[in-house]
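Numbering (the numbering used here), first residue to last: 13 to 65. Ideal Cβ placement from N, Cα and C applies to all residues, glycine included.
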Ligand SMILES: [Zn+2]
């Protein structure tokens with residue numbers, strides 16, 4: 013049996029929630045996840061969430 017559906021990954025760097033805390037975000041009716049490392053880059057515009065959704 014597999015529990016794959018439980019695993020979440022950062023939309024930017026693909027880190028799983030086994031490695032680093034992830035934050036759920038919703039945007040344009042999509043629900044996705046980003047990690048603590050990547051969130052500041054999204055907040056400060058260094059990465060564009062549109063490229064990942
Ligand atoms: Zn990340």
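Beyond the five residues adjoining it in sequence on each side, residue 44 comes within less than 8 Å, by CB distance, of 23, 36, 37, 38, 64 and 65 in the same chain, given in chain order. Under a 10 Å Cβ-count criterion, residue 46 is classified as buried, with 16 or more other Cβ atoms of the shown protein chains found around its own Cβ. By alpha-carbon distance to residue 26, the top candidate from 50, 42 and 41 is 50. Apart from the 5 residues on each side of it in sequence, residue 59 sits with its Cβ closer than 8 Å to the Cβ of 24, 50 and 53 in its chain, given in chain order. Excluding residues up to 5 positions away in sequence, 65 lie with their Cβ nearer than 7 Å to the Cβ of residue 40 in the same chain.
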